[in-house]
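One structure below.
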Amino acid sequence: MKPIYRQIILIVLDAVLVNLAVYISLLFRFEAHIPDNYVDTYISLIPLITGVFLAFFYALKIYNRIWVYASLDEMLAIVRAASLSVVVIVTVIYLFKLPYLPRSIYFGMWFFTNALIGTARVSWRLLRETMKHHWDTNYRNVLIVGAGDAGAMLVRELQNNPGLGLKAVAIVDDDPSKHKAILFGVPVLGSRKRIPHLVSDLEISEIIIAMPSVTGATVREIVDICKQTPARVRILPGVYASVCQNLVRNLRDVQMEDLLRREPVDTNIEDIAGYIKGKSVLVTGAGGSIGSELCRQLYNLSPANLILVDNCENNLFDIEQELLRYLDTVPIQPQLVDIRERDKLNRCFNQYRPQVVFHAAAYKHVPMMERHPDEAISNNVIGTRNMAELSDRYGVETFILVSTDKAVNPTSVMGASKRLAELVVKNISRTSKTCFAAVRFGNVLGSRGSVVPTFIKQIESGGPVTVTHPDMQRYFMTIPEAVQLIIQAGALAQGGEIFVLDMGEMIKIDDLARDLIRLAGYEPDKDIKIVYTGIRPGEKLYEELFTDYENMTATKHERIFISKKEMDDAYLNINKTIITFVKTGLHNRAEVLELIIKLLPEYQQGEKQGQKMPERLTGTATGSAG
16 MKPIYRQIIL
26 IVLDAVLVNL
36 AVYISLLFRF
46 EAHIPDNYVD
56 TYISLIPLIT
66 GVFLAFFYAL
76 KIYNRIWVYA
86 SLDEMLAIVR
96 AASLSVVVIV
106 TVIYLFKLPY
116 LPRSIYFGMW
126 FFTNALIGTA
136 RVSWRLLRET
146 MKHHWDTNYR
156 NVLIVGAGDA
166 GAMLVRELQN
176 NPGLGLKAVA
186 IVDDDPSKHK
196 AILFGVPVLG
206 SRKRIPHLVS
216 DLEISEIIIA
226 MPSVTGATVR
236 EIVDICKQTP
246 ARVRILPGVY
256 ASVCQNLVRN
266 LRDVQMEDLL
276 RREPVDTNIE
286 DIAGYIKGKS
296 VLVTGAGGSI
306 GSELCRQLYN
316 LSPANLILVD
326 NCENNLFDIE
336 QELLRYLDTV
346 PIQPQLVDIR
356 ERDKLNRCFN
366 QYRPQVVFHA
376 AAYKHVPMME
386 RHPDEAISNN
396 VIGTRNMAEL
406 SDRYGVETFI
416 LVSTDKAVNP
426 TSVMGASKRL
436 AELVVKNISR
446 TSKTCFAAVR
456 FGNVLGSRGS
466 VVPTFIKQIE
476 SGGPVTVTHP
486 DMQRYFMTIP
496 EAVQLIIQAG
506 ALAQGGEIFV
516 LDMGEMIKID
526 DLARDLIRLA
536 GYEPDKDIKI
546 VYTGIRPGEK
556 LYEELFTDYE
566 NMTATKHERI
576 FISKKEMDDA
586 YLNINKTIIT
596 FVKTGLHNRA
606 EVLELIIKLL
616 PEYQQGEKQG
626 QKMPERLTGT
636 ATGSAG
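Each residue of the sequence shown is one higher than the last, beginning at 16 in our numbering.
This is the structure in structure tokens:
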């Protein structure tokens, strides 16, 4: 039905109901025997009463509302319109000395008008929903996991949007106090253990996990149960991506991030805001996985200026355009600069005078750097030295180097180059007024070139999925979580520290591959083969977060640890050696490796197998800081 026709019908209906409300009031007042003089008075007032009510209904946009979704807001709008109408009608009658009705009639008029019109609107909604559920069989039955706020919001959204073709028929929750409860007409029928039985008994087509803040371990358990059924499994976004509106639009298939989900990072916003707010902040590698997320989170901390440095035109353009879609409160300064180009960097520092620097630019792919060790040294070491020395020269307050667990007892050129970058920064920190620090962490999910996107592509092409070694293990963290901790570490820095992030438990890459295959709806080794290709040059079976001689100390943040070990004498001349190396010109692979071995006695060229499993960081690490 066209809106104009719907409005005409509602106007006619309201005119009838308003006058019916007055008549019912008269019947109640005179116990069904209305005196003739009051009947005449009522008839004479019909144009005034009807006109005023309809005028206020129209002015307050009662006819613009979608009554299929009638709720408390719509009812309150009717009450406001009726109240104003009665006040105006009584005022006009007494001002112009018109025939009047008993005062109780006007209260009855107000009450019955609200009751009749409100009932009409709600009845229309109930009738429509009843007819929809009775005749429409093209919907899919949905089982919701979680009877909390997210589950309740999801139920309401499904009920209010029948066009989605989804009908919530049952809820499960592990909280016994919620069992047998009714949530917007949908029953809570027990715990997650009942999922297979309910899917069969209620012909469930889809299961939705509406528990955005639970841990990854809980999600894994639920997914394992759901995989026993033929139903599709979807999930609400986790705590880093969850929104409170358009929940159905944000539903997606379960991803690896959900299975690894941990408790949200407890970030001290006041500490962070203290060294970011109102400051000029520079981010290198601004278009990369870590760098772009740094830019997003830093933008929300209200810096005075955000300088984006990257040598990739497309990446730089993408993050600039994304940030420009935010409220235009922070000036964005994109700079297409390679950190190895010292003169261009100098001009950038001179123009924008950054006060805080996050150095995330780096070459990170292990096999690629094994083939191009000169590029690893040039970008990760020389580039870092350029950034650190310019930060010192221009009086930067805080400089944070984004490092990696591969810098610990490195067996790869990439890892060695990042360890050298740590030492370069640490060396400059000894004599600089700038607060230099490094943050070391493991793999992040979803970063470019990481193992998860590679596995997904292999699965989509039908396999096989290639795993280097069945015992290969790595730490994993989500990108937003890693960046939150990087920024938090900056607030803790006093100078010369290497911060180590608690990465949780290590995960076997083989298990990761099998979970991804199952998430795609296949069976490992049956539908999708797993092939072991052997450890690549420079790889370890297990990554480490700190060396044997680094004494890890707890900080006031439970997820951040610190190494404040002074520089060994062997590293004190590292900058001079690097400068000399650069001045001598181009170098071949053998010369680069010779330099690494000379500067890093702990470097072990080639793969490192059978090493001892590193101990997990805990809050009981030696000592306490802060």
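The beta carbon of each residue, even a glycine, is placed where N, CA and C say it ideally should be. If you're wondering where the values come from, they're calculated on a predicted model, not measured in any experiment.
Open item on the list: So, for Ala97: in the same chain, excluding its five sequence neighbours on each side, which residues have a beta-carbon less than 6 Å away from its beta-carbon?
Closed with: The residue given as residue 97 occupies position 82 in the sequence shown. Excluding positions up to five away in sequence, the list reads Trp125, Thr128 and Asn129.
- [ ] In the DSSP assignment, find the unbroken beta strand (DSSP E) run with Ala535 in it and report its ends.
- [x] Position 520 of the sequence shown, counting from 1, holds the residue named residue 535. Ala535 -> no beta strand (DSSP E), and no H or E assigned at all.
TODO: Quick one: using the 10 Å Cβ neighbour count with 16 as the cut-off for buried, is Arg136 buried or exposed?
DONE: Locating residue 136 in the sequence shown gives position 121, where the first residue counts as 1. It counts as buried.
- [ ] For Ile305, I'd like the list of residues in its chain whose CB is within less than 8 Å of its CB, leaving aside the five on either flank, ordered along the chain.
- [x] One-based indexing of the sequence shown puts residue 305 at position 290. Correct list, in chain order: Ala375, Val417, Val459, Ser462, Ile494, Ala497, Val498 and Ile501.
TODO: Have a look at Thr299 and Leu556 and give me their C-alpha separation to the nearest angstrom.
DONE: Residue mapping note: residue 299 aligns to position 284 of the sequence shown, counting from 1. Residue mapping note: residue 556 aligns to position 541 of the sequence shown, counting from 1. So the two alpha carbons sit approximately 30 Å from each other.
Open item on the list: Within the continuous alpha helix (DSSP H) that includes Gln348, where are the two ends?
Closed with: Walking along the sequence shown from the start, residue 348 turns up at place 333. Element bounds for Gln348: not the alpha helix (DSSP H) but the beta strand (DSSP E), Ile347 to Leu351.
Task: 8 Å contact criterion, which Asp188 and Gly231 should meet: CB distance rounded - done: Position 173 of the sequence shown, counted from the first residue, corresponds to residue 188. Position 216 of the sequence shown, counted from the first residue, corresponds to residue 231. The pair is not a contact, with the Cβ atoms about 19 Å apart (cut-off 8 Å).
Task: Residues bridged to Ile545 [DSSP beta-bridge criterion] - done: Counting from 1 along the sequence shown, the entry for residue 545 is found at position 530. Paired residue(s): Val480.
- [ ] Taking Ile532 as the reference, give the member of Lys242, Leu173 and Gly123 with the closest Cα.
- [x] Sequence index remark: in the sequence shown, residue 532 carries index 517 (1-based). Selected option, being the one with the closest Cα: Lys242.
Open item on the list: I need the DSSP call for Asn588, collapsed to helix, strand or coil.
Closed with: Taking the first residue of the sequence shown as 1, we reach residue 588 at position 573. Note: Asn588 maps to coil in three-state DSSP.
TODO: With DSSP as the reference, label Arg155 as helix, strand or coil.
DONE: Counting from 1 along the sequence shown, the entry for residue 155 is found at position 140. Looking at Arg155 - three-state DSSP - the assignment turns out to be strand.
Task: For Met521, three-class secondary structure by DSSP - done: As a first step, residue 521 is located in the sequence shown; it is residue number 506 there, counting from the start. If DSSP states are grouped into helix, strand and coil, Met521 belongs with coil.
Open item on the list: Quick check: the Cα distance between Ser220 and Ala183, rounded to an integer number of angstroms?
Closed with: The residue given as residue 220 occupies position 205 in the sequence shown. The residue given as residue 183 occupies position 168 in the sequence shown. Straight-line Cα distance between these residues: approximately 11 Å.
Open item on the list: Beta-carbon within less than 8 Å of Arg44's beta-carbon, same chain only, minus the 5 sequence neighbours each way: which residues are those?
Closed with: As a working note, residue 44 is residue 29 in the sequence shown. Contacts found: Pro117, Ser119, Ile120 and Gly123.
Open item on the list: Just verifying my parser: in three-state terms, what is the DSSP assignment at Arg226?
Closed with: Residue mapping note: residue 226 aligns to position 211 of the sequence shown, counting from 1. Before going further, note that residue 226 is Met rather than Arg in the sequence given. Three-state DSSP puts Met226 in coil, outside helix and strand.
Open item on the list: So, does the segment 433-448 touch the segment 469-484, judging by three or more C-beta pairs under 8 Å?
Closed with: no
Task: Phe45 - DSSP class collapsed to helix/strand/coil - done: In the sequence shown, the residue the question calls residue 45 occupies position 30. Phe45: coil per DSSP, three-state reduction.
TODO: Starting from Ser295, trace the alpha helix (DSSP H) both ways and give me its first and last residue.
DONE: Translated into positions along the sequence shown, residue 295 becomes position 280. Taken as a continuous stretch (DSSP letters only), Ser295 belongs to no alpha helix (DSSP H), being part of the beta strand (DSSP E) at Ser295 to Thr299.
Task: CA nearest to the CA of Met226, picked from Leu251, Glu218 and Arg235 - done: As a working note, residue 226 is residue 211 in the sequence shown. Here the closest residue by C-alpha is Leu251.
Open item on the list: Is the beta carbon of Gly66 closer than 7 Å to that of Ile93?
Closed with: Counted from its first residue, the sequence shown places residue 93 at position 78. Counted from its first residue, the sequence shown places residue 66 at position 51. Their beta carbons are not under 7 Å apart, which means Ile93 does not touch Gly66 by this criterion.
TODO: Could you tell me whether the Cβ atoms of Asn590 and Asn395 are closer together than 7 Å?
DONE: Translated into the one-based positions of the sequence shown, residue 590 becomes position 575. Translated into the one-based positions of the sequence shown, residue 395 becomes position 380. No, they are not a contact pair.
- [ ] Identify every residue that forms a DSSP beta bridge with Phe414.
- [x] By 1-based counting over the sequence shown, the position of residue 414 is 399. Its beta-bridge partners are Val372 and Phe451.
Task: Whether Thr482 touches Ile524 by CB criterion (7 Å) - done: Residue 482 sits at position 467 when you count from the first residue of the sequence shown. Residue 524 sits at position 509 when you count from the first residue of the sequence shown. The sequence shown places Val at residue 482, rather than the Thr named in the question. Contact: yes.
Task: Contacts around Arg340, its chain only, beta-carbon distance under 7 Å, and the 5 residues preceding and following it disregarded - done: As a working mapping, residue 340 is identified with position 325 in the sequence shown. Once the five neighbours on either side are set aside, Arg340 has no close Cβ partner at all.
Task: Minimum C-alpha distance to Ile210 - residue among Glu236, Ile197, Arg455 and Ser192 - done: Residue mapping note: residue 210 aligns to position 195 of the sequence shown, counting from 1. If we check each option's Cα against that of Ile210, Glu236 comes out closest.
Open item on the list: Buried or exposed for Leu393, going by 16 or more other Cβ atoms inside 10 Å?
Closed with: As a first step, residue 393 is located in the sequence shown; it is residue number 378 there, counting from the start. The amino acid at residue 393 is misidentified as Leu; the sequence shows Ser. So Ser393 ends up on the buried side.
Open item on the list: Could you pull the DSSP bridge partners for Asp325 from this structure?
Closed with: One-based indexing of the sequence shown puts residue 325 at position 310. BP columns for Asp325 point to Leu351.
Open item on the list: Since Leu323 and Gln348 should fall inside the 8 Å C-beta cutoff, what is the C-beta to C-beta distance between them, to a whole number of angstroms?
Closed with: Here the question's residue 323 lines up with position 308 in the sequence shown. Here the question's residue 348 lines up with position 333 in the sequence shown. Confirmed, about 7 Å.
Open item on the list: Output needed for Leu614: all residues of its chain with C-beta closer than 7 Å, excluding positions within five of it in sequence on either side, in chain order.
Closed with: The sequence position of residue 614 within the sequence shown is 599, counting from 1. Cβ within range, chain order: Leu435, Ile589 and Thr592.
Task: Span separating the alpha-carbon of Gly302 from that of Ile334 - done: Here residue 302 is taken as the residue at index 287 of the sequence shown, counted from 1. Here residue 334 is taken as the residue at index 319 of the sequence shown, counted from 1. Each residue's Cα considered, the two are about 6 Å apart.
Task: Continuous beta strand (DSSP E) stretch holding Lys182: start and end - done: Counting from one through the sequence shown, the residue named residue 182 turns up at place 167. That run of the beta strand (DSSP E) goes Leu181 to Val187.
Task: Start and end residues, beta strand (DSSP E) containing Arg249 - done: Numbered from its first residue, the sequence shown carries residue 249 at position 234. Segment Arg247 to Ile250, the beta strand (DSSP E) holding Arg249.
Open item on the list: Judging by CA-CA distance, which residue of Val229, Pro177 and Ile104 is the nearest neighbour of Tyr57?
Closed with: Residue mapping note: residue 57 aligns to position 42 of the sequence shown, counting from 1. The shortest Cα separation from Tyr57 among Val229, Pro177 and Ile104 belongs to Ile104.
Task: With 16 other Cβ atoms within 10 Å as the buried cut-off, status of Ser317 - done: The residue given as residue 317 occupies position 302 in the sequence shown. It counts as exposed.
Open item on the list: Nearest by alpha-carbon distance to Asn401: which of Met521, Val372 and Met383 is it?
Closed with: Within the sequence shown, the letter at position 386 stands for residue 401. Looking at the Cα atoms, Val372 is the closest of the given residues.
Open item on the list: Beta-carbon within less than 8 Å of Leu313's beta-carbon, same chain only, minus the 5 sequence neighbours each way: which residues are those?
Closed with: Position 298 of the sequence shown, counting from 1, holds the residue named residue 313. Closer than 8 Å at the Cβ level, and outside the excluded window around Leu313, lie Ile291, Val296, Val298, Leu321, Phe373 and Ile502.
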